[in-house]
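These notes concern the structure reproduced below.
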Amino acid sequence: MVNSISELSGVQHVVHVPQTETAVSNSWAAEFRETMPTLPVDHYSNFNADQITISGMSLDVEKLDFENQVMHARVSYDFSKTEGEEIIFDVDGLEIEEITVDGLRVDFEERKTAEYKPNALSIHVGEEINKGTVSIAYKTSPDASGLFWIDACFTDGKKHPIFFTQAEPTDGASWLPGPHSPQVRMTYKLSVNVGSPEMMLVASAKNNPERPHSDGIYSDLQMDIPIPLYLLGIAVGEFSYHPYDERCGVYAETCKLPEIADKFKMLPDFMSKAEEICGPYGWEVYRPLFLPLSYPYGAMEHACASFMGGTVIERPEVLAHELSHSWAGNWITNATWMELFLNEGLTSYIENKIMAVCLGEERAKLLLKRRYDQSLCAIQTLKAKGRLDSASLVVPFEEKTLKLSSIPYAKGALFFYMLENAIGTENLNNFLKKYMEVFARESMGVDRMIAFLQRWLAEEMEIFDFDGFKKEHHIDEWLHGTGYPPNTPKIESRILDQIKEVSERLLSGEDISESIRGYDLLLKATFLTTITGKTTAEQLRMLDSSLGFTQTESNVLKGLWILCCAKSNYLTAETKALIKEHLIERNSVTMAGDVCESLVETDEGKALVEEILADGKERLFPMIRKAIERLLVPTSE
1194 MVNSISELSG VQHVVHVPQT ETAVSNSWAA EFRETMPTLP VDHYSNFNAD
1244 QITISGMSLD VEKLDFENQV MHARVSYDFS KTEGEEIIFD VDGLEIEEIT
1294 VDGLRVDFEE RKTAEYKPNA LSIHVGEEIN KGTVSIAYKT SPDASGLFWI
1344 DACFTDGKKH PIFFTQAEPT DGASWLPGPH SPQVRMTYKL SVNVGSPEMM
1394 LVASAKNNPE RPHSDGIYSD LQMDIPIPLY LLGIAVGEFS YHPYDERCGV
1444 YAETCKLPEI ADKFKMLPDF MSKAEEICGP YGWEVYRPLF LPLSYPYGAM
1494 EHACASFMGG TVIERPEVLA HELSHSWAGN WITNATWMEL FLNEGLTSYI
1544 ENKIMAVCLG EERAKLLLKR RYDQSLCAIQ TLKAKGRLDS ASLVVPFEEK
1594 TLKLSSIPYA KGALFFYMLE NAIGTENLNN FLKKYMEVFA RESMGVDRMI
1644 AFLQRWLAEE MEIFDFDGFK KEHHIDEWLH GTGYPPNTPK IESRILDQIK
1694 EVSERLLSGE DISESIRGYD LLLKATFLTT ITGKTTAEQL RMLDSSLGFT
1744 QTESNVLKGL WILCCAKSNY LTAETKALIK EHLIERNSVT MAGDVCESLV
1794 ETDEGKALVE EILADGKERL FPMIRKAIER LLVPTSE
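In my numbering, the protein residues as written are 1194 to 1830.
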């Protein structure tokens, strides 16, 4: 047990990062580090990283007030200062009760600096203090965008409520004052009073409990690998744990654990395949938590303990994706959210490699081709909105609210497949292993990554004409272009071609119910994605009458089906009831936005959206409720 946050040595920000244990001294890589490109500026954080270094953090959650949906906490940061008189943290809607530096109260001020980022909390330290501990006592707002409270009646177990957090990209500022930039890494320890001996804490920590504490207090959780704050997650509920081996296992609500444990017993195999590609797993343990259906995202890659939404039980590729983040994103992190493909593109590449082994090549190709097709639609949507610049892998900064796109997932994955085609699978694996070794536990910018690729090609493959390599393989077009370059790897999916042929028959007026009646979940889901927004209401009615999509038990199919209904205005009493019920129960950011955006285009649909807001008033998460409300207000954008 660590008794002081100063005992947790950390790594922070930027260029002069201490070497890790896997260091690269006495090699060309060590020489490269001496002159490597600096990291880009993070425009979405107020933290003054050029003046302040954070080495450790201690978070004490003193009370979780489930009735009022408020968290009471105190956070302390060990810091050192090179110049200036203040520390500037990111905050959003917090009530700051007291701030001290080394035990003495100090002045502070909160101010709005830009609409597109959290507020700035300026803490007056004074010129004379160069290092110390700043401690902040605070409580959150019921509208905190990064806190989620689920009443007991809406959990699977029905006995105890569930609480969990979300910090990516900057939602953490709504529940944790601090430096919310992916460039700032720190170690930490956690103390949480969960309020009940029957509830358990699961967090981004190496030493999560395997059974509840009788006093409901957890004071010994820690992370000794420095991570950015967006990777910190905290969850409380009636959870239990099932181990697969010494490093892999799963958490879930106690009543769901047997089903979850059986469904994901392939997790150690996923781990082995990922290590083949990227090298050893560096976090010691990987024990994801499976949450109920009301999880606003598909999943989140919290270090050591990814949080999984309720639909993941039907989508094993999501588990492979979150595990892959243990290398791409968590071990090496994009320096800014404008270069998200460094996290999500590489992760999607590794995920697809795992799926090829565990599901078979054909199904892996199907998943990748679906992602590619969806990215093409996203690019067209951006084009129609005059925001095509956002389709590039390196997105130009704009003074607008941060919106993470799905394009870096597909386009980023295909960028790495393109490199694989260019230099060969074994060579790319070797490059990735070296990349993970040299930049372990650090942040990465695209200029630095490309410079490292140039040096690696010269040192390991004797490719010295990097300008020629870049031109031949369209590297600049991949990074800064708004479409797909001519050397985009071709994805041949026989399964998807067959499904698209069936879809075309439906759209031409044929009854295709017998053709898809025997489809499994993945194939039915794929079929629905191929017809979304293309059918008439009558075509959906005929499909529904023969295959009963409105009565499906699958939450994955429910989500896809209600989007089809919304886009094609197939609004019967039954489909409207399903749309309302599932949007409220699912509480998904993306789903609520996509479905309601289509519904508000008609008076009938708009009335349904108003019903959803009224009936879901007590259950919809604040961030989702606000997103839906914005759709009802005409904008000039």
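Glycine is no exception: its CB is placed at the ideal position from the N, C-alpha and C atoms.
* To do: Mark leucine 1776 as exposed unless 16 or more other C-beta atoms lie within 10 angstroms of its C-beta, in which case mark it buried.
  => Locating residue 1776 in the sequence shown gives position 583, where the first residue counts as 1. The C-beta of leucine 1776 has 16 or more other C-beta atoms within 10 Å across all chains shown, which makes the residue buried.
* Around the Cβ of glutamate 1290, are there at least 16 other Cβ atoms within 10 angstroms (buried) or fewer (exposed)? -> Residue 1290 sits at position 97 when you count from the first residue of the sequence shown. Taking a 10 Å sphere around the C-beta of glutamate 1290, we find fewer than 16 other C-beta atoms and assign the residue as exposed.
* Taking 8 angstroms as the cut-off, decide whether the C-beta atoms of proline 1601 and glutamate 1537 are in contact. => Position 408 of the sequence shown, counted from the start, is the residue given in the question as residue 1601. Position 344 of the sequence shown, counted from the start, is the residue given in the question as residue 1537. A distance below 8 angstroms separates the beta carbons of proline 1601 and glutamate 1537.
* Within the segment 1695-1762, note down every full alpha helix (DSSP H) run reaching 4 residues or more, in order along the chain. => For the segment 1695-1762, whole alpha helix (DSSP H) runs of length 4 or above, ordered along the chain, are 1706-1709, 1714-1724, 1730-1740 and 1748-1761.
* Are glutamate 1288 and lysine 1256 touching if we call contact CB-CB under 8 angstroms? -> If you number the sequence shown from 1, residue 1288 lands on position 95. If you number the sequence shown from 1, residue 1256 lands on position 63. No. Outside cutoff.
* How many angstroms separate the CA atom of glutamate 1746 from the CA atom of tyrosine 1712? -> Numbered from 1 along the sequence shown, position 553 holds the residue referred to as residue 1746. Numbered from 1 along the sequence shown, position 519 holds the residue referred to as residue 1712. About 15 angstroms.
* Whole-angstrom distance between threonine 1326 and aspartate 1253, CA atom to CA atom -> As a working mapping, residue 1253 is identified with position 60 in the sequence shown. As a working mapping, residue 1326 is identified with position 133 in the sequence shown. Their Cα atoms are separated by approximately 15 angstroms.
* Asked: So, do the segment 1330-1344 and the segment 1492-1501 have three or more beta carbon pairs nearer to each other than 8 angstroms?
  -> By the Cβ criterion, the segment 1330-1344 is not in contact with the segment 1492-1501, since fewer than three pairs of Cβ atoms, one from each stretch, lie closer than 8 angstroms.
* **Own chain partners of glutamate 1468 with C-beta closer than 8 angstroms, once the 5 adjacent residues on each side are dropped** => On the sequence shown, position 275 is the one that residue 1468 refers to. Tyr1474.
* Does DSSP put asparagine 1679 in a helix, in a strand, or in coil? -> Along the sequence shown, one-based indexing puts residue 1679 at 486. Strictly speaking, residue 1679 in this sequence is proline, with asparagine absent from that position. If DSSP states are grouped into helix, strand and coil, proline 1679 belongs with coil.
* **Three-state class that DSSP yields for glycine 1502 in the structure shown** => Translated into positions along the sequence shown, residue 1502 becomes position 309. The DSSP-derived three-state label of glycine 1502 is coil.
* Asked: Under 8 angstroms between the Cβ atoms of valine 1631 and glutamate 1532?
  -> Numbered from 1 along the sequence shown, position 438 holds the residue referred to as residue 1631. Numbered from 1 along the sequence shown, position 339 holds the residue referred to as residue 1532. No, the Cβ-Cβ distance between valine 1631 and glutamate 1532 is not below 8 angstroms.
* **Simplified DSSP assignment, three categories, for glutamate 1214** => Mapped onto the sequence shown, residue 1214 falls at position 21. Residue confidence is low: glutamate 1214 scores 43 on pLDDT, short of 50, so the model does not pin down where it sits. Its coordinate-derived value is still stated next. DSSP places glutamate 1214 in coil when its eight states are reduced to three.
* **Rounded separation between glutamate 1515 and arginine 1687 - CA only** => Walking along the sequence shown from the start, residue 1515 turns up at place 322. Walking along the sequence shown from the start, residue 1687 turns up at place 494. Taking the straight line joining both Cα atoms gives about 27 angstroms.
* lysine 1693: CB within 7 angstroms of a non-hydrogen atom of the ligand SAH -> Absence of the ligand SAH is noted for the structure shown, with no ligands found whatsoever.
* Does DSSP put glutamine 1359 in a helix, in a strand, or in coil? -> The sequence position of residue 1359 within the sequence shown is 166, counting from 1. Looking at glutamine 1359 - three-state DSSP - the assignment turns out to be coil, as it is neither helix nor strand.
* To do: Per DSSP, which residues does asparagine 1623 bridge with? Please list them.
  => The count along the sequence shown starts at 1 and reaches residue 1623 at position 430. Assignment of beta-bridge partners to asparagine 1623 by DSSP yields no partner.
* Asked: Can you list, in chain order, the stretches of the beta strand (DSSP E) that have 3 or more residues and sit fully within the segment 1283-1309?
  -> Listed in chain order, they are 1288-1294 and 1301-1304.
* Inter-residue spacing [alpha-carbon to alpha-carbon] between threonine 1215 and glycine 1472 -> Looking up residue 1215 in the sequence shown gives position 22. Looking up residue 1472 in the sequence shown gives position 279. Confidence at threonine 1215 is low in this model, with a pLDDT of 45, below 50, so the placement of that residue should be treated as unreliable; the coordinate-derived value is given next. Between the alpha carbons of threonine 1215 and glycine 1472 lies a distance of about 12 angstroms.
* Asked: Under the three-state reduction of DSSP, which class applies to valine 1631: helix, strand or coil?
  -> Translated into the one-based positions of the sequence shown, residue 1631 becomes position 438. In this structure, valine 1631 counts as helix in the three-state DSSP scheme.
* Asked: Between the C-alpha atoms of asparagine 1400 and alanine 1718, what's the straight-line distance to the nearest angstrom?
  -> Along the sequence shown, one-based indexing puts residue 1400 at 207. Along the sequence shown, one-based indexing puts residue 1718 at 525. Here the alpha carbon of asparagine 1400 sits roughly 38 angstroms from the alpha carbon of alanine 1718.
* With DSSP run on the structure shown, which of helix, strand or coil describes aspartate 1344? -> The sequence position of residue 1344 within the sequence shown is 151, counting from 1. It is coil, neither helix nor strand.
* Asked: The beta strand (DSSP E) with leucine 1383 in it runs from where to where?
  -> If you number the sequence shown from 1, residue 1383 lands on position 190. Here the beta strand (DSSP E) through leucine 1383 covers 1379-1386.
* Pick out whichever of Ile1418, Met1393 and Pro1419 has its Cα sitting closest to the Cα of proline 1408. => Looking up residue 1408 in the sequence shown gives position 215. Reading the sequence as shown, one finds aspartate at residue 1408 and not proline. Nearest option by C-alpha distance: Met1393.
* Ends of the beta strand (DSSP E) at lysine 1351? -> Position 158 of the sequence shown, counted from the start, is the residue given in the question as residue 1351. First-last for lysine 1351: undefined, no H or E at that position.
* **Buried or exposed by the 16-neighbour rule on C-beta atoms within 10 Å, applied to lysine 1175** => Coverage of the chain is limited to positions 1194 through 1830, which leaves residue 1175 absent and any answer about it impossible.
* Asked: Could you give the distance in angstroms between the alpha-carbon of lysine 1773 and the alpha-carbon of isoleucine 1668?
  -> Your numbering for residue 1773 matches position 580 in the sequence shown. Your numbering for residue 1668 matches position 475 in the sequence shown. If I take the Cα positions, the gap works out to 45 angstroms.
* **8 angstroms contact criterion, which valine 1318 and valine 1294 should meet: CB distance rounded** => Residue 1318 sits at position 125 when you count from the first residue of the sequence shown. Residue 1294 sits at position 101 when you count from the first residue of the sequence shown. With 8 angstroms as the limit, valine 1318 and valine 1294 qualify as a contact, their Cβ atoms being about 6 angstroms apart.
* Asked: Does DSSP classify tyrosine 1237 as helix, strand or coil?
  -> Residue numbering aside, residue 1237 sits at position 44 when the sequence shown is read from its first letter. DSSP places tyrosine 1237 in coil when its eight states are reduced to three.
* Asked: Is the segment 1811-1819 touching the segment 1778-1787 in the sense that three or more CB pairs, one from each, lie closer than 8 angstroms?
  -> The segment 1778-1787 vs the segment 1811-1819: in contact.
* Asked: To the nearest whole angstrom, what separates the beta carbons of glycine 1430 and threonine 1358, a pair I think is in contact under 8 angstroms?
  -> Residue numbering aside, residue 1430 sits at position 237 when the sequence shown is read from its first letter. Residue numbering aside, residue 1358 sits at position 165 when the sequence shown is read from its first letter. The Cβ separation is near 13 angstroms, so there is no contact.
* Asked: Rounded to the nearest angstrom, how far is the Cβ of leucine 1750 from that of leucine 1721, given a contact under 8 angstroms?
  -> By one-based count along the sequence shown, residue 1750 stands at place 557. By one-based count along the sequence shown, residue 1721 stands at place 528. Contact check for leucine 1750 and leucine 1721: beta-carbon distance about 7 angstroms, within the 8 angstroms limit, so the pair qualifies.
* To do: Within the same chain, show all residues whose beta-carbon is closer than 7 angstroms to that of alanine 1337, passing over the 5 residues directly before and after it, in chain order.
  => To locate residue 1337, count along the sequence shown from 1; it is residue 144. When the five nearest sequence neighbours on each side are left out, the beta carbons in the same chain lying within less than 7 angstroms of the beta carbon of alanine 1337 are those of Gly1286, Ser1367 and Trp1368, in order along the chain.
* To do: Note down, in chain order, each residue of its chain lying with its Cβ closer than 6 angstroms to the Cβ of glutamate 1830, except the 5 sequence neighbours on either side.
  => Numbered from its first residue, the sequence shown carries residue 1830 at position 637. At glutamate 1830, the pLDDT of 47 sits below 50, so the modelled position is not reliable; the number obtained from the coordinates is stated separately. None.
* **Cβ neighbours of leucine 1539 in the same chain (closer than 7 angstroms, five flanking residues each side left out)** => Residue 1539 sits at position 346 when you count from the first residue of the sequence shown. Excluding positions up to five away in sequence, the list reads Ala1521, Gly1605 and Phe1609.
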